[in-house]
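What follows is one structure encoded as structure tokens, with my remarks underneath.
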Amino acid sequence: MGSGDIPKIKMRLKLSPIKIKNVTDFCVSIAYQITIIITLITMDKNTILVTGGAGFIGSNLCERLVKYDLKVICLDNFNDFYNPSIKRKNIRWLLEQPNFELIEGDILYTNLLEMLFETRSINKVIHLAARAGVRPSIKQPLLYEEVNIRGTINLLEAAKASGVEQFIFGSSSSVYGNNKKVPFSEDDAVDNPISPYAATKRSGELLCYTYHKIYDINCIALRFFTVYGPRQRPEMAIHKFTRLINSGEPIEIYGDGSSSRDYTYISDIIDGIESCLDKKLGFEIINLGDSNPIKLIELVRLIEDALGKKADIKWMQHQQGDADTTYADITKAKNILNYSPRIKIEEGISEFVKWHIKQTDVNLT
Ligand code: NAD
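All residue numbers for the sequence shown refer to my numbering, where the first residue is 2 and numbers rise by one.
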């Protein structure tokens with residue numbers, strides 16, 4: 002809680018409705034004031050800003066958080082990286098929840114961020130807003146630099162000014178580039194990003210470190226390993242393959258199908274983020290993955306099985322920016338966060354396919 006919050010508590014205490022006539026009233030009044038103080042302190046301690054809260058990971062996270070006694074503020078600009086109506090649908094249920102607030106706006110607008118931190122007693126930030134995706138970052142590096150680097154600085158600046166106690170940054174396994182040593186550990190050198198996206202995510206981590214060092218903000222950078230599940234971004238492989246195979250269209254596989262990814266189910270990622278909320282660790286980088294890499298061709302077979310349809314595969318040249326493999330060492334997450342991914346790939350793909358078919362049935366994807 003920032004020191005600027007104290008006058009607000011005093012102001013609210015003046016609204017106490019109890020009139021003191023005798024000792025009993027006095028005791029009741031004191032108890033009442035204490036209850037209010039506890040409530041206000043607890044309330045302030047539990048106001049969380051989720052940037053990118055209407056996106057795939059963000060909306061699933063907000064749904065988890067509003068079920069607790071927390072105030073959740075979602076800041077999202079509903080950009081057109083993919084159809085914004087999908088993002089609106091993602092938060093439809095959330096908008097009905099009394100402890101959820103949507104702020105439609107951009108992390109590049111510093112005035113908006115200042116206003117937000119001044120008026121909302123935010124003390125935890127989960128920063129997920131970003132331009133995601135490796136391949137589009139090669140085409141639009143400046144846009145990725147602006148949103149992912151400048152946007153992160155903007156948030157850290159606003160967070161520092163209001164004294165937030167926890168800043169969680171959504172980083173990515175892409176920072177490991179084509180690391181040959183597997184599994185990827187947080188101690189590995191990450192000086193060779195192979196896409197602008199990866200370079201911006203590494204920059205975000207470094208900025209978190211810098212702000213922790215200068216302003217003593219608790220920062221945790223979580224390196225997510227290919228997240229999948231309901232609401233996954235439509236351009237991501239699992240979603241795209243499922244959509245195309247289901248509708249009988251060909252899928253393109255870049256390389257020979259032997260590249261592999263450590264696919265992580267959304268609920269496991271949300272568990273990992275949630276367990277960071279009350280950890281005051283100074284600065285840490287933590288992998289969140291499944292620690293079970295799956296070859297691309299095996300992934301296609303799993304989707305085929307879940308759909309009961311065969312894929313028509315078009316083999317394409319390997320794409321620049323794509324890593325050969327990703328494989329998370331999750332020892333640190335286990336030790337610090339008690340993280341333990343529960344959803345096996347077969348189950349996760351089956352759940353995703355069920356969700357996709359339901360969406361297609363109601364014609365919403
Ligand atoms: P997403 O695109 O679904 O969500 C990002 C959200 O941020 C979107 O709703 C978008 O509208 C919002 N946003 C983008 N720019 C913004 C801006 N300037 N101001 C305000 N809002 C803005 O992506 P996602 O898959 O949910 O990813 C969330 C985060 O996790 C991203 O930071 C991404 O880089 C990171 N990440 C994701 C994965 C994955 O597999 N999905 C893996 C590694 C890291």
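Even glycine gets a Cβ: it sits at the ideal position worked out from N, Cα and C.
Residue range of the unbroken beta strand (DSSP E) whose run includes residue 1: What is shown of the chain runs 2 to 366, which leaves residue 1 out entirely.
By the three-class DSSP mapping on this structure, what secondary structure does residue 167 have? The residue labelled residue 167 in the question sits at position 166 within the sequence shown. In this structure, residue 167 counts as strand in the three-state DSSP scheme.
Which term fits residue 88, buried or exposed, when burial requires 16 or more other beta carbons within 10 angstroms of its beta carbon? Numbered from 1 along the sequence shown, position 87 holds the residue referred to as residue 88. So residue 88 ends up on the buried side.
Is the Cβ-Cβ distance between residue 197 and residue 138 less than 7 angstroms? Sequence index remark: in the sequence shown, residue 197 carries index 196 (1-based). Sequence index remark: in the sequence shown, residue 138 carries index 137 (1-based). Taking 7 angstroms as the Cβ cut-off, residue 197 and residue 138 qualify as a contacting pair.
For residue 307, which of helix, strand or coil comes out of DSSP? Reading the sequence shown from its first residue, position 306 is the one you call residue 307. Residue 307 falls in the helix class under three-state DSSP.
Given residue 101, which residues of its chain have a CB within under 6 angstroms of its CB, disregarding the five upstream and five downstream residues? Along the sequence shown, read from residue 1 onward, the residue named residue 101 stands at position 100. Excluding residues within five positions, the ones whose Cβ falls inside 6 angstroms are 67, 73 and 95.
Helix, strand or coil for residue 278 per DSSP? By 1-based counting over the sequence shown, the position of residue 278 is 277. If DSSP states are grouped into helix, strand and coil, residue 278 belongs with coil.
Closer than 6 angstroms to a non-hydrogen atom of the ligand NAD - does that hold for the CB of residue 171? Within the sequence shown, numbered from 1, the residue matching residue 171 stands at position 170. Residue 171 Cβ: within cutoff of the ligand NAD.
Taking Cβ to Cβ, would you say residue 189 is nearer than 7 angstroms to residue 179? On the sequence shown, position 188 is the one that residue 189 refers to. On the sequence shown, position 178 is the one that residue 179 refers to. The answer is no: Cβ separation not under 7 angstroms.
Burial state of residue 93, where buried means 16 or more other Cβ atoms lie within 10 Å: The count along the sequence shown starts at 1 and reaches residue 93 at position 92. Classification for residue 93: exposed.
Residues bridged to residue 380 [DSSP beta-bridge criterion]: The displayed coordinates of the chain run from 2 to 366. Any statement about residue 380 would go beyond what the structure contains.
By a C-beta neighbour count over all protein chains shown, 10 Å radius and 16 as the cutoff for buried, is residue 359 buried or exposed? The sequence position of residue 359 within the sequence shown is 358, counting from 1. It counts as exposed.
Would DSSP call residue 317 helix, strand or coil? Reading the sequence shown from its first residue, position 316 is the one you call residue 317. Reduced to three states, the DSSP call for residue 317 is strand.
Decide yes or no for the touch test of the segment 283-291 against the segment 210-230: beta carbon pairs closer than 8 angstroms, at least 3 of them. yes
Among 143, 146 and 217, which residue has its Cα nearest to the Cα of residue 157? Sequence index remark: in the sequence shown, residue 157 carries index 156 (1-based). Measuring from the Cα of residue 157, the nearest candidate turns out to be 217.
Taking the alpha-carbon positions, what's the residue 205 to residue 279 distance? If you number the sequence shown from 1, residue 205 lands on position 204. If you number the sequence shown from 1, residue 279 lands on position 278. For residue 205 and residue 279, the distance between alpha carbons rounds to 21 angstroms.
Can you check DSSP and say which residues form a bridge with residue 151? Along the sequence shown, one-based indexing puts residue 151 at 150. None, per the DSSP bridge assignment.
So, for residue 55: in the same chain, excluding its five sequence neighbours on each side, which residues have a beta-carbon less than 8 angstroms away from its beta-carbon? Your numbering for residue 55 matches position 54 in the sequence shown. Excluding positions up to five away in sequence, the list reads 75, 77, 79, 88, 89, 91, 92 and 103.
Between which two residues does the alpha helix (DSSP H) holding residue 239 run? Taking the first residue of the sequence shown as 1, we reach residue 239 at position 238. From DSSP, the alpha helix (DSSP H) with residue 239 extends over 238-247.
Residue 120 burial status per 10 Å Cβ neighbour count (16 or more: buried): Sequence index remark: in the sequence shown, residue 120 carries index 119 (1-based). Exposed: under 16 other Cβ atoms inside 10 Å.
I'd like the span of the alpha helix (DSSP H) that includes residue 223, first residue to last. For the purposes of this step, residue 223 is identified with residue 222 of the sequence shown, where counting begins at 1. Element bounds for residue 223: not the alpha helix (DSSP H) but the beta strand (DSSP E), 220-225.
Counting pairs of Cβ atoms below 8 angstroms between the segment 286-306 and the segment 245-262, do you hit three or more? yes
Expressed to the nearest angstrom, what Euclidean distance is found between the alpha-carbon atoms of residue 317 and residue 70? Sequence index remark: in the sequence shown, residue 317 carries index 316 (1-based). Sequence index remark: in the sequence shown, residue 70 carries index 69 (1-based). Each residue's alpha carbon lies about 50 angstroms from the other.
Considering only heavy atoms of the ligand NAD and the C-beta of each residue, which residues fall inside 5 angstroms, strictly closer? 53, 55, 56, 57, 58, 77, 78, 80, 88, 107, 108, 129, 130, 131, 133, 148, 171, 173, 225, 227, 228 and 234
Just how far apart, CA to CA, sit residue 341 and residue 161? Within the sequence shown, residue 341 is the residue found at index 340, counting from 1. Within the sequence shown, residue 161 is the residue found at index 160, counting from 1. Going from the Cα of residue 341 to the Cα of residue 161 covers about 32 angstroms.
Using the C-alpha atoms, what's the distance from residue 268 back to residue 242? Here residue 242 corresponds to residue number 241 of the sequence shown, with the count starting at 1. Here residue 268 corresponds to residue number 267 of the sequence shown, with the count starting at 1. Those two C-alpha atoms are separated by around 21 angstroms.
In three-state DSSP terms, what is residue 253? As a first step, residue 253 must be located in the sequence shown, where it is residue number 252. Three-state DSSP puts residue 253 in a strand.
Can you give me the start and stop residues for the alpha helix (DSSP H) that residue 346 sits inside? Stepping through the sequence shown from its first residue, residue 346 is reached at position 345. It spans 346-362 - the alpha helix (DSSP H) in which residue 346 sits, taken as one unbroken run.
If you run the structure through DSSP and keep just helix, strand and coil, what is residue 57? For the purposes of this step, residue 57 is identified with residue 56 of the sequence shown, where counting begins at 1. Looking at residue 57 - three-state DSSP - the assignment turns out to be helix.
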